[in-house]
Amino acid sequence: MKNSVILSLLLGSFISAIQAQPVATYTAQDRWYKNAVIYNLDVKTFQDSDGDGTGDFRGMAERLDYLRALGVDVLWLAPFQPSPLKDDGYDVADYYGIDSTCGTPGDFVFFMRECEKRGIRVMMDVVLNHTSDEHPWFTKARIDTGSMYHQWYAWATRRPENYNKGMAFPGVQQEVWTQDSVTRKWYFHRFYRFQPDLNFSNPFLVEEAERILAYWLKLGISGFRLDAVPFMIEVAQPGNDEPPQLYDLIPRMQRFAQWNRGDAILLGEANVPPADNSKYFGSKGDGLQMMFNFYANQYLFYALATGKTALLKKALTETRPQSEVSQWAYFLRNHDEIDLGRLTDAQRKEVYQAFGPDTSMQLYNRGIRRRLAPMFNNNRQMLDMAYSLLFSLPGTPVIRYGDEIGMGDDLRLQERLAVRTPMQWSDAANAGFTSAAMPFRPVISNDTFGYRKVNVDAQQLQNGSLLQLMKQLIALRKEHPEIGMGNWQLLETNNDNVLAIQYRYNNRTTIAVHNFGRQPVKLSLAAITGNQLQNLLQQQKAIGESKGIWNIGLPAYGYRWFAAVPPSGK
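Note that the sequence shown covers residues -20 to -1, 1 to 550 in mature numbering (1 follows the signal peptide of the UniProt record, and there is no 0).
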């Protein structure tokens, strides 16, 4: 224990020197995340290499050529560290290890080397807001209340009045303060009771968190998805429903990560209102380089459900970053439920009616636990438009494994596990995911979305498949860095069903137009730089303008990408 304290004190002096350094000056190369395509996957559900029924790093390495051919250049990995797996790995028991179900440390190094060969970056989840109750820190905290580790968690000597308020999982959780059977004190947990929250007001814990980041950065990780950032930086206080927030922790962690690796980034999970964005991004881009745009995502699904885009347009405008360093990550689906908590009750009801009408499809009194394809009833017009929209929004697109082939969900599984089923590679037994008699989690086998019908092998050979479209969209997005790097503006369409965005960067102009409606539309666009519009998806000849007005027709759920170019011969 004494050695740990001495090491922490020495590291504290070292870190203070780092903090004194000026904020890094970013180059275009450092902003690689602005023109990247991020692919989110879980090691356990992607590919099993040893026949034990669970995916592993060796299996993922075998599938890297598929991911490179798809156009993915960044992998975001769900937690793979040792865990009791009560929350699918988000209950971490050792921040420095590899869970035996995923392989060995050698397998991890092999996987990272194979990614590097293919020019694929790797980001990882780092869950610092809480630990597993089986983590040695918490075990020591319970045994000795005078220990350093006891101070790394939040405690109360009696049950707080707000013990059952502010739960992350309403309808599933019963409380956020639970009495420990050993200390007889109450510990705080914003999530499940087996996930006690860490207390980052403790300087020794902050230094330990930085050691964790440094460890994985030295193993080749390019960045981290910080889990539940608002909960990580809050200082839980018994009876206080609005606890203090340690906003200064965010730029400190960013500086530390970049000191260890100059192009490292932090991608924050922070579902906050627009007024709080600068507290996380930083006023000068000195905070998180990226955040998921949960705010716009909720209005995006309202627009998809109703065809009305006004609130989506407002949300996009309200969340415009104020720094050239800051970037939004846009997504349609991820590993969690679709969070609709910021919609009104009436708006949420409309989304439920369209995409999750049965209560088995809903979760936590605010969300939907389904994948995109079943939500859209496998409507290809709607799916195609939604994915085109994703790759044309003003930020970095993030796709969930299996969404490129239109995988379904399994509502028989508990809570969010419904969208975490094994990848469907082929129509072979267990979808080609494992040679085991039974995978650790069942593959989808129903008539509509089962692996015999929906799999990679089939769509690789099928012209016009969703997989082929995704490859086309990813390639198109990379050909137009102005979407991630440039300035953007909404174009007036005089039609609430249509969203039109124009991007400008380095004398390039791109326009993306999407019809959220179920009926064809004709519209006129103005304020576009250029004398011709080149249709980028259909390879059609340029469309001529008439006195500065562009007349465009779109089918139901139609979409177009255009490049504004000078007249032919100029």
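Cβ coordinates follow ideal geometry from the N, Cα and C atoms, glycine included.
Inset, instruction - Spatial neighbours of residue 360 within its chain, please: CB distance less than 8 Å, with the 5 preceding and 5 following residues excluded, ordered by chain position. - result: Residue 360 sits at position 380 when you count from the first residue of the sequence shown. Only 446 meet the Cβ criterion.
Legend entry - Alpha carbon of residue 579 to alpha carbon of residue 365, nearest angstrom: The question about residue 579 has no answer here: the residues shown for the chain are numbered -20 through 550.
Inset, instruction - Assign residue 216 to one of two classes, buried (16 or more other C-beta atoms within 10 Å of its C-beta) or exposed (fewer than that). - result: Taking the first residue of the sequence shown as position 1, residue 216 is located at position 236. So residue 216 ends up on the buried side.
Inset, instruction - Using the Cα positions of residue 83 and residue 31, report the straight-line distance between them to the nearest angstrom. - result: By 1-based counting over the sequence shown, the position of residue 83 is 103. By 1-based counting over the sequence shown, the position of residue 31 is 51. Approximately 12 Å between the Cα atoms of the pair.
Inset, instruction - Give the C-beta separation of residue 230 and residue 213 to the nearest angstrom, bearing in mind that I take them to be a contact with Cβ-Cβ under 8 Å. - result: Working through the sequence shown from its first residue, we reach residue 230 at position 250. Working through the sequence shown from its first residue, we reach residue 213 at position 233. Contact holds; Cβ gap of about 7 Å.
Inset, instruction - Since I believe residue 54 is in contact with residue 200 (beta carbons under 8 Å), could you give me their beta-carbon distance rounded to a whole number of angstroms? - result: To locate residue 200, count along the sequence shown from 1; it is residue 220. To locate residue 54, count along the sequence shown from 1; it is residue 74. Residue 200 to residue 54, Cβ: 13 Å. No contact.
Inset, instruction - Using only alpha-carbon positions, find the residue among 18, 245, 495 and 513 that is nearest to residue 287. - result: As a first step, residue 287 must be located in the sequence shown, where it is residue number 307. Of the candidates 18, 245, 495 and 513, the one whose C-alpha sits nearest the C-alpha of residue 287 is 495.
Inset, instruction - Would you check if there are 3 or more beta carbon pairs closer than 8 Å linking the region 9 to 19 to the region 372 to 388? - result: yes
Legend entry - Own chain, CB closer than 6 Å to residue 539, minus 5 neighbours either side, in chain order: Sequence index remark: in the sequence shown, residue 539 carries index 559 (1-based). Excluding positions up to five away in sequence, the list reads 365, 368 and 494.
Inset, instruction - Work out the CA separation of residue 492 and residue 523 for me, nearest whole Å. - result: Mapped onto the sequence shown, residue 523 falls at position 543. Mapped onto the sequence shown, residue 492 falls at position 512. Between residue 523 and residue 492, the C-alpha separation is close to 15 Å.
Inset, instruction - Report the three-state DSSP secondary structure of residue 504 (helix, strand or coil). - result: Stepping through the sequence shown from its first residue, residue 504 is reached at position 524. DSSP places residue 504 in strand when its eight states are reduced to three.
Inset, instruction - Could you tell me which uninterrupted alpha helix (DSSP H) segments, each at least 4 residues in length, are contained entirely in the region 378 to 449, listed from first to last along the chain? - result: 436 to 440
Legend entry - Residues near residue 130 by beta carbon distance below 7 Å, same chain, minus five either side: Here residue 130 corresponds to residue number 150 of the sequence shown, with the count starting at 1. Cβ neighbours of residue 130 beyond the five flanking positions: 121 and 124.
Inset, instruction - Using 10 angstroms around the beta-carbon of residue 306, count the other beta-carbons present and answer buried if the total reaches 16, otherwise exposed. - result: Start at 1 with the first residue of the sequence shown, and residue 306 comes out as number 326. Buried.
Inset, instruction - Pull up the distance between the alpha-carbon of residue 15 and that of residue 219, whole angstroms please. - result: Counting from 1 along the sequence shown, the entry for residue 15 is found at position 35. Counting from 1 along the sequence shown, the entry for residue 219 is found at position 239. Using only the alpha carbons, I get a separation of about 45 Å.
Legend entry - Rounded straight-line distance, which links the Cα of residue 198 to that of residue 116: Translated into the one-based positions of the sequence shown, residue 116 becomes position 136. Translated into the one-based positions of the sequence shown, residue 198 becomes position 218. Roughly 24 Å separates the two Cα atoms.
Inset, instruction - Would you tell me roughly how many angstroms separate the C-alpha atoms of residue 163 and residue 169, rounded to the nearest one? - result: Here residue 163 corresponds to residue number 183 of the sequence shown, with the count starting at 1. Here residue 169 corresponds to residue number 189 of the sequence shown, with the count starting at 1. Rounded to the nearest angstrom, the two C-alpha atoms are 16 Å apart.
Legend entry - Beta-carbon gap between residue 318 and residue 348 smaller than 7 Å: The residue labelled residue 318 in the question sits at position 338 within the sequence shown. The residue labelled residue 348 in the question sits at position 368 within the sequence shown. Yes, the Cβ-Cβ distance between residue 318 and residue 348 is below 7 Å.
Legend entry - Distance CB(residue 246)-CB(residue 206) smaller than 7 Å: In the sequence shown, counting from the first residue as 1, residue 246 sits at position 266. In the sequence shown, counting from the first residue as 1, residue 206 sits at position 226. For residue 246 and residue 206, yes; Cβs fall inside 7 Å.
Legend entry - Option in 175, 128, 65 and 137 with minimal Cα separation from residue 552: Lying before the first or after the last residue shown, residue 552 is absent from the chain, which here runs from -20 to 550.
Inset, instruction - Would you kindly work out how many angstroms separate the C-alpha atoms of residue 350 and residue 471, rounded to a whole number? - result: The residue given as residue 350 occupies position 370 in the sequence shown. The residue given as residue 471 occupies position 491 in the sequence shown. If you take the alpha carbons of residue 350 and residue 471, they lie about 32 Å apart.
Inset, instruction - Determine, using beta-carbon pairs with one atom in the region 466 to 484 and one in the region 242 to 262, whether at least three such pairs fall under 8 Å. - result: no
Legend entry - Segment limits, beta strand (DSSP E) that includes residue 55: Taking the sequence shown and counting its residues from 1, the one referred to as residue 55 is at position 75. It spans 54 to 57 - the beta strand (DSSP E) in which residue 55 sits, taken as one unbroken run.
Inset, instruction - Taking the CB atoms as reference points, tell me whether residue 41 and residue 91 lie closer together than 7 Å. - result: Numbered from 1 along the sequence shown, position 61 holds the residue referred to as residue 41. Numbered from 1 along the sequence shown, position 111 holds the residue referred to as residue 91. Yes, these two residues count as a Cβ contact at 7 Å.
Legend entry - Counterpart residues of residue 478 in DSSP-defined beta bridges: By 1-based counting over the sequence shown, the position of residue 478 is 498. Paired residue(s): 495.
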